[in-house]
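Novice: Sending over a structure as structure tokens; questions will come in a sec.
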Amino acid sequence: MKALFGKIWTVVMIVIGLVLINILAERWNPKWDFTDDQRFTLSSTTHDLVQAISQPVMITVYLTGDLPAIFTRLEKNTANLLNQFNRQNPNISIRFDNPSVGSMEDINRQREEFIQNGLVPVRLSIKEESTEKLIFPYALVQFGMKRVYVNLLESERAGVPNDQSIARSTALLEYKFTSALMRLFQERKKNVVFTAGHGELNPAETADWERSLRSYFNTSRVNLDSIVAIPEQIDVLVIAKPTEPFSEKDKFKIDQYLMQGGNLMFLIDRMQVSEDSLRHQGYYVSTPYNLNLDDLLFKYGIRIQSNLILSMENTRRPMIVGQMGGQNQYELFPWYYYLAAIPSDQSPISNGLDRIQLKYASVIEPLETSTRKTPLLSAGTYARYQFNPVEIALDIVRYEPDLSAFNHSNLTMAYLVEGEFESLYQNRVTTGMQEGLDELGLTFKAKSEPTRILVVSDGDIARNGFDPQRRQPQPLGFDPYENYTFDNKAFLDNAVEYLTGMQTILPLRAKKLELRLLNQQEVDKHRTWIQAINAIYPIVLIMLFSFGWRFWRKKKYAGI
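The opening residue of the sequence shown carries number 108 in our numbering; numbering runs sequentially from there.
Rendered as structure tokens:
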């Protein structure tokens, strides 16, 4: 009887212990992340933000349902992250909604809403069923009437989703949802405005970047000639590849906008190059643009030199190598003026990014001023430059490069300048300028509040190509010759985030997941052997355990 009571007591204690363990685990939610890249650990920025949310927030994920395996992985990774949010703060509710399920009226209404918000589905062809499947890799973060959409899938570099694009998408999930939550509680959606009237890039040429920006910002254009002053409500003013000179009035408006604490992005070509003339004639003599901005940039601590950079870190372009059947035959050659620029690790704007493609960029020289200047993009170890006037000849690709001529390293093509800037127009305000300020009730400012300027010596960094077959813009940074998408858009997005005060979350964007792929050649070579091991090994293991267990029991109870 005593032995029976002891056994019952042991069982009771085990049950009580298991219950206590579950209660403690539910309350304190202990976990250990042993991954090298800490993929299951929230950053301190995300943790503090999630903990601070005191009102109900609903996150609806539309990436769900009967998905191909590659999208199922992204769905599970999204669910894992959002479940961490929910465990940290029950005010964040999560639900999954398949937009392809329901009545046709509901499905069409949901898809129309996606289209209105610029959300384009991924179209996959199902060969076995000869059908097309629409995948919606998006999530909606909602607080009251405020809504922010999150694109879960990064643009595929090779045109179709693959392991690399899913890994990159997974790495950016925390950044995207943290960014969405921060914007959800902002007082207003911030404004990014492009200048017009000086030959700048038009809306079709910046369409892909603007589509990316519209997830979190308002974008528009302003002709400086049509306004008396640049409104303070503009958070970032982008000057993207102007080709015509700025008047003193326009420069004064830009100057006083900066003095009021505005943020500027100068994406400027110093030298003009006509690729059409270069292609037809075989050479081109490049001379500087007359933009009338040199004195303005000089005052702000930056000089864009009148030269063109050539680098061994480059991309290729097609050249005619002969004819066959009356048709030109092309071959790709390294084009030293197409730079695969190296992002700096000195700023969250560029840290962790892939290469950035620049075309016909110039050296930027920082000047001695009180502002802080951070280099963002460099041309690599082996580079050189040609001074104005620059003769560009296609024949350069026919000769082996002389490495001794590429004797400059770390030539810089982009700078971030931060601090308090002095006005170019101190003691130079004309009557017309003063009348414009008086009309708006503004006073002239000779020194700015702490603010920021980004300068890149290539306006094409923001220009997307155009796909004539699909009749739509190509992804910004996509090189059709290399069939590769450079990180131009990520760099510019980071820059806008930084200029608008969102720099605390930019380190999350630099987070990377290491992709440990199998050696496909070895797998193909030993496929039969690997399949046999995977089929037989579990059975053998179970049999060994069973025989061992029976042997142990037989030996233990043999004398009873």
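Backbone N, C-alpha and C define an ideal beta-carbon position, used for all residues, glycine too.
If you're wondering where the values come from, they're calculated on a predicted model, not measured in any experiment.
From this set, Ala278, Ser418 and Tyr605, which residue's C-alpha is nearest Val524's C-alpha?
Specialist: Tyr605
Novice: Please state the DSSP three-state secondary structure of Arg479.
Specialist: strand
Novice: For the stretch 369-378 against the stretch 337-351, are there 3 or more C-beta pairs whose distance is under 8 Å?
Specialist: Counting Cβ pairs under 8 Å, three or more are found: they touch.
Novice: Give the range of the alpha helix (DSSP H) segment to which Pro395 is assigned.
Specialist: Per DSSP, Pro395 lies in no alpha helix (DSSP H); the unbroken beta strand (DSSP E) holding it starts and ends at Tyr390 to Pro395.
Novice: Quick one: grab the DSSP three-state call for Asp574.
Specialist: strand
Novice: Could you tell me the distance, in whole angstroms, from the CA atom of Asn309 to the CA atom of Leu374?
Specialist: 14 Å
Novice: One question on the structure: do Ala569 and Ala347 come within less than 8 Å of each other, judged by their Cβ atoms?
Specialist: In this structure, Ala347 lies closer than 8 Å to Ala569 by Cβ.
Novice: Classify Gly433 as helix, strand or coil using the three-state DSSP reduction.
Specialist: coil
Novice: Kindly indicate which residue of Tyr588, Tyr591 and Gly584 has the alpha-carbon position closest to the one of Asp600.
Specialist: Gly584
Novice: Using the three-state DSSP reduction, which class does Gln541 fall into: helix, strand or coil?
Specialist: Note: Gln541 maps to helix in three-state DSSP.
Novice: For Tyr644, which of helix, strand or coil comes out of DSSP?
Specialist: helix
Novice: Leaving aside the five residues before and after Tyr391 along the sequence, list all residues of the same chain whose C-beta is less than 7 Å from its C-beta, in chain order.
Specialist: Val380, Ser381, Ser384, Leu385 and Ile499
Novice: Between the Cα of Phe405 and those of Asp452, Leu474 and Asn196, spot the shortest distance and give me the residue it belongs to.
Specialist: For Phe405, the nearest C-alpha among the options comes from Leu474.
Novice: Using a Cβ-Cβ cut-off of 6 Å (strictly less than) and excluding sequence neighbours within five positions of Gln541, which residues of its own chain qualify?
Specialist: none
Novice: Along the chain, where does the beta strand (DSSP E) containing Ile214 start, and where does it finish?
Specialist: Counting along the chain, Ile214 falls outside any beta strand (DSSP E), though it belongs to the alpha helix (DSSP H) covering Met211 to Gln223.
Novice: Between which two residues does the alpha helix (DSSP H) harbouring Asp357 extend?
Specialist: Where Asp357 is concerned, the enclosing alpha helix (DSSP H) stretches over Glu355 to Met366.
Novice: Excluding five sequence neighbours on each side, which residues of the same chain lie with their C-beta closer than 7 Å to the C-beta of Ala265?
Specialist: Low confidence applies here, because Ala265 scores a pLDDT of 43, under 50, leaving its location unreliable; read the following figure in that light. For Ala265, where only same-chain residues beyond five positions count, the Cβ hits under 7 Å are Asn590.
Novice: Can you list, in chain order, the residues of its chain with a C-beta nearer than 6 Å to that of Ala553? Leave out the 5 residues immediately preceding and following it.
Specialist: If we look at Ala553 and ignore the five residues flanking it on each side, its Cβ neighbours are Ser530 and Gln533.
Novice: Checking 8 Å against the spacing of the C-beta atoms, do Leu259 and Thr185 come in under that value?
Specialist: yes
Novice: Got a sec, what are the start and stop residues for the alpha helix (DSSP H) Lys183 sits in?
Specialist: Ala176 to Gln195
Novice: Looking at C-alpha atoms only, which residue of Gln638, Gly526, Tyr437 and Leu279 is the closest neighbour of Leu460?
Specialist: It is Leu279.
Novice: What is the rounded straight-line gap between the Cα of Phe284 and the Cα of Ile449?
Specialist: Those two C-alpha atoms are separated by around 28 Å.
Novice: If Asn517 sits next to Asn414, beta carbons under 8 Å apart, how far is it from one beta carbon to the other, in whole angstroms?
Specialist: Contact flag wrong, Cβ pair sits at about 15 Å.
Novice: Would you list, in sequence order, the uninterrupted alpha helix (DSSP H) runs of no fewer than 4 residues that lie entirely inside the stretch 499-570?
Specialist: 538-546
Novice: How many Å lie between Phe141 and Gln191 at the Cα?
Specialist: With a pLDDT of only 46 at Phe141, under the threshold of 50, the placement of this residue in the model should not be trusted, and no figure is reported.
Novice: Can you tell me whether DSSP reads Leu606 as helix, strand or coil?
Specialist: helix
Novice: Does the beta-carbon distance from Leu615 to Glu355 come in below 8 Å?
Specialist: no
Novice: Pro175 to Glu261, Cα distance in whole Å?
Specialist: 17 Å
Novice: Any idea if Trp656 is buried or exposed, counting beta-carbon neighbours within 10 angstroms, 16 or more meaning buried?
Specialist: Burial call: exposed.
Novice: Flag this pair as yes or no: are the beta carbons of Thr350 and Gly306 separated by less than 8 Å?
Specialist: Contact: yes.
Novice: Hey, out of Gly429, Asp452 and Gln293, whose CA is closest to Leu156's CA?
Specialist: Considering only alpha carbons, the answer is Gln293.
Novice: Let's see if you can read the secondary structure: which residues bound the alpha helix (DSSP H) around Ile201?
Specialist: First-last for Ile201: Ile199 to Phe203, but that is the beta strand (DSSP E), not the alpha helix (DSSP H).
Novice: Quick check on DSSP: helix, strand or coil for Leu417?
Specialist: strand
Novice: Nearest-angstrom Cα distance between Gly225 and Ile643?
Specialist: 51 Å
Novice: Out of curiosity, what's the CA-to-CA distance linking Ile416 and Glu472?
Specialist: 13 Å
Novice: If you draw a straight line from the C-alpha of Trp659 to the C-alpha of Ile640, how long is it?
Specialist: Here the C-alpha atom of Trp659 lies approximately 28 Å from the C-alpha atom of Ile640.
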